[in-house]
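Going letter by letter, the sequence shown gives residues 248 to 525 in the numbering used here.
Yeah, the Cβ is synthetic: ideal placement off N, Cα and C, and Gly gets one too.
Please read all numbers here as calculations on a predicted model, not as lab measurements.
The structure under discussion appears below in the form of structure tokens.
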Amino acid sequence: MKTAFFMTLLTVLFMFVGGLIGGRGGMMFAFIFAVGMNFFSYWFSDKIVLKMYKAVEVDETEAPGIHRIVRGLTAKGGIPMPKVYVIHNPAPNAFATGRNPENAAVAVTTGIVDLLSDDELEGVLAHELAHIYGRDILIGTIAATFAGAIMMIANTAKWAMIFGGSRNSDGENSNPVAAIAAMIIAPIAAMMIQMAISRSREYIADARGAKLCGKPKALANALRKISGGVAAAPMDDAQPATAHMFIMNPFSGRQAMNLFSTHPPVEERIARLEAMQG
């Protein structure tokens, strides 16, 4: 029900932006496009995100340590074993994706594997498995796909204004104020959707992950290290539309304003985990 509501909300937002830019024809085009996006993102958005970051699937012989940790956690939690991917990037981070626990994947960067101890990495992977268990990954991945498309529409409006597109699909003169509004509103709306999805779910995934691995302190230490690592070396090739999927905002080194972050403050997350340990 949550997923259906979310897809409907994104479709309405898509139609609103399409109407601002292209009138009734633009709204109809946006509706058809949104329906296609809903279908496509449900079945293929996980593959898109993994391909976007050049994630490589690894088996037990290629990454025995990661597989050992994930296998132990899934056995303890009674959930299916997800596919394991590695992203060759020095920035420490991780995310989970997939439409359900039976079709899920966890991805870790080489930077996070090099940075964390086994216990800390177990805490991070437990956090990602908690997202899978809570079925956050479907909504989060769909949000990433739609946010990217919404930003693409905003860019289209911008270039149409620059190159003098003066008529919409109804043959009427386009309203430049409406186009400017779409350029401003669309990215903000996409960001607000990401924030609404991810902030509360990160706290829940932290708590569930800490209980799953039985090591809240290790996950707290991992978050502290990842925060410092991202601040020192942000993931420059990360896409804003997918920022909410990572365990830590990949742009944290450049975005200091917690109010507009897709993640809750790391200090608060650490404090909650340390309270659990106590």
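Apart from the five residues on each side of it in sequence, which residues of its chain come closer than 7 Å, Cβ to Cβ, to residue i?
| i | result |
| --- | --- |
| residue 380 | 324, 326, 348 and 455 |
| residue 314 | 307 and 331 |
| residue 459 | 320, 323, 324, 373, 376 and 377 |
| residue 482 | 336, 338, 340 and 497 |
Would you call the CB atoms of residue i and residue j closer than 8 Å?
| i | j | result |
| --- | --- | --- |
| residue 339 | residue 473 | yes |
| residue 369 | residue 316 | yes |
| residue 341 | residue 359 | yes |
| residue 466 | residue 371 | yes |
| residue 265 | residue 274 | yes |
| residue 492 | residue 510 | no |
Just grab the DSSP bridge partners of residue i for me.
| i | result |
| --- | --- |
| residue 304 | 332 |
| residue 353 | 331 and 343 |
| residue 493 | 342 |
Residue i: buried (16+ other C-beta within 10 angstroms of its C-beta) or exposed?
| i | result |
| --- | --- |
| residue 375 | buried |
| residue 449 | buried |
| residue 413 | Low confidence applies to residue 413: its pLDDT is 47, below 50, so where it sits in the model is not reliable enough to give any reading. |
| residue 346 | buried |
| residue 453 | buried |
| residue 248 | exposed |
| residue 298 | exposed |
| residue 255 | exposed |
| residue 522 | exposed |
| residue 335 | exposed |
| residue 461 | exposed |
| residue 329 | buried |
| residue 279 | exposed |
| residue 431 | exposed |
| residue 386 | buried |
| residue 397 | buried |
With 8 Å set as the bound, which would you pick, yes or no: does the beta-carbon of residue i sit closer than that to a beta-carbon of chain B?
| i | result |
| --- | --- |
| residue 333 | The chain inventory of the structure shown lacks chain B, comprising one protein chain alone. |
Just to confirm my understanding: we take residue i, look at its own chain, exclude 5 residues before and 5 after, and list those with CB closer than 6 Å. What are they?
| i | result |
| --- | --- |
| residue 258 | 281 |
| residue 344 | 293, 296, 352, 384 and 388 |
| residue 362 | 339, 472 and 476 |
| residue 457 | 463, 466, 520 and 523 |
| residue 469 | 363, 367, 370 and 371 |
Mind reading off the beta-carbon distance from residue i to residue j? Whole number of angstroms is fine, and I expect it under 8 Å.
| i | j | result |
| --- | --- | --- |
| residue 277 | residue 261 | 5 Å |
| residue 302 | residue 354 | 5 Å |
| residue 490 | residue 498 | 6 Å |
Once the 5 residues before and after residue i are set aside, which same chain residues still bring their CB inside 8 Å of it?
| i | result |
| --- | --- |
| residue 357 | 333, 334, 335, 336 and 337 |
| residue 365 | 312 and 316 |
| residue 514 | none |
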